[in-house]
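Asks: Structure in structure tokens, see below.
Residue numbers (the working numbering): 935 to 1136.
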């Protein structure tokens, strides 16, 4: 029986790094956020719906999804953002289900930024939250994306609070230290995760 494990975390938390570590340990990982970027370019039906919602400017002159334009368009429009997510999410869900069918492993991991916001955790057997102190997350994103403190803080303020996500998660990985500590913490959670299913079945 395949088990679906959701991995999530706010901006700058290091969820993608944790997902890569989990992959290193031999578990298949579906990167929802990265694959969504491909799906919005490759799914013709989805493209039409996005253009209808946001205008033709949602795609550039070469027909590629214009992430900068879309981000600017929906950043202060929660209703439009929700409508956009309601278009993209079903297309990603369908792609994920195809991916699951192709996997032979028991434990399958799904990395997604909006695991709790879109209630995707309800379709998972377990969930993992990757988190870090706000000042650390802000510094990471400033260095990575060349943003100001205010810009990063504005993004964090729009995301679900960390304490709310932690209360909903089955496991929490703290990423305040270096890579070696993060790898050890991830390995420990994987062992606890497998053990939780063993207890369930015993």
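Glycine included, C-beta positions come from ideal geometry on N, C-alpha and C.
Owing to the predicted nature of the structure, the values given are computational and were not obtained by experimental measurement.
Looking at the secondary structure, which residues open and close the alpha helix (DSSP H) in which residue 983 lies?
Replies: Locating residue 983 in the chain shown gives position 49, where the first residue counts as 1. In the DSSP assignment, residue 983 falls within the alpha helix (DSSP H) that extends over 978 to 988.
Asks: Could you check what DSSP says for residue 1130 in three-state terms: helix, strand or coil?
Replies: Residue mapping note: residue 1130 aligns to position 196 of the chain shown, counting from 1. Residue 1130: helix per DSSP, three-state reduction.
Asks: Assuming residue 1099 contacts residue 1037 under a Cβ cut-off of 8 Å, what Cβ separation, rounded to an integer in Å, is found between them?
Replies: Looking up residue 1099 in the chain shown gives position 165. Looking up residue 1037 in the chain shown gives position 103. Not a contact, Cβ separation roughly 26 Å.
Asks: Would you kindly check if the distance between the Cβ of residue 947 and the Cβ of residue 1120 is under 7 Å?
Replies: Position 186 of the chain shown, counted from the first residue, corresponds to residue 1120. Position 13 of the chain shown, counted from the first residue, corresponds to residue 947. No. Outside cutoff.
Asks: Kindly list the residues whose CB is nearer than 6 Å to the CB of residue 944, restricted to its own chain and excluding five residues on each side of it in sequence; keep chain order.
Replies: Taking the chain shown and counting its residues from 1, the one referred to as residue 944 is at position 10. Within the same chain, residue 944 has close Cβ partners 1093.
Asks: Taking residue 940 as part of the beta strand (DSSP E), name the residues at either end of that continuous run.
Replies: By one-based count along the chain shown, residue 940 stands at place 6. 937 to 942 is the span of the beta strand (DSSP E), which, as asked, contains residue 940.
Asks: Okay, do the segment 1097 to 1111 and the segment 968 to 983 touch, 3+ Cβ pairs below 8 Å being the bar?
Replies: Cβ pair count under 8 Å is below three, so no.
Asks: What first and last residue would you give for the beta strand (DSSP E) that runs through residue 1111?
Replies: Indexing the chain shown from 1 puts residue 1111 at position 177. Looking at the DSSP string, residue 1111 is not in any beta strand (DSSP E), and its letter there is neither H nor E.
Asks: Could you compute how far the alpha carbon of residue 1128 sits from the alpha carbon of residue 1102?
Replies: Working through the chain shown from its first residue, we reach residue 1128 at position 194. Working through the chain shown from its first residue, we reach residue 1102 at position 168. Straight-line Cα distance between these residues: approximately 19 Å.
Asks: In this structure, how does DSSP classify residue 1082 when only helix, strand and coil are distinguished?
Replies: For the purposes of this step, residue 1082 is taken as the residue at position 148 of the chain shown. Coil, per DSSP.
Asks: Going by Cα to Cα distance, which pick from 1061, 1083, 1047, 965 is closest to residue 1033?
Replies: The count along the chain shown starts at 1 and reaches residue 1033 at position 99. That would be 965, whose Cα lies nearest to the Cα of residue 1033.
Asks: Using only the alpha-carbon positions, how far apart do residue 1048 and residue 1067 sit?
Replies: By 1-based counting over the chain shown, the position of residue 1048 is 114. By 1-based counting over the chain shown, the position of residue 1067 is 133. Their Cα atoms are separated by approximately 19 Å.
Asks: Can you name the start and end residues of the alpha helix (DSSP H) that residue 947 belongs to?
Replies: Working through the chain shown from its first residue, we reach residue 947 at position 13. It is not in any alpha helix (DSSP H) - residue 947 carries neither H nor E in the DSSP assignment.
Asks: Give the straight-line distance between the Cα atoms of residue 1085 and residue 1076, rounded to the nearest whole angstrom.
Replies: To locate residue 1085, count along the chain shown from 1; it is residue 151. To locate residue 1076, count along the chain shown from 1; it is residue 142. When rounded, the distance between both Cα atoms is 9 Å.
Asks: Near residue 1051, which residues of its chain fall below 7 Å by C-beta distance, leaving aside the five closest residues on each side in sequence?
Replies: Within the chain shown, numbered from 1, the residue matching residue 1051 stands at position 117. Excluding residues within five positions, the ones whose Cβ falls inside 7 Å are 1094.
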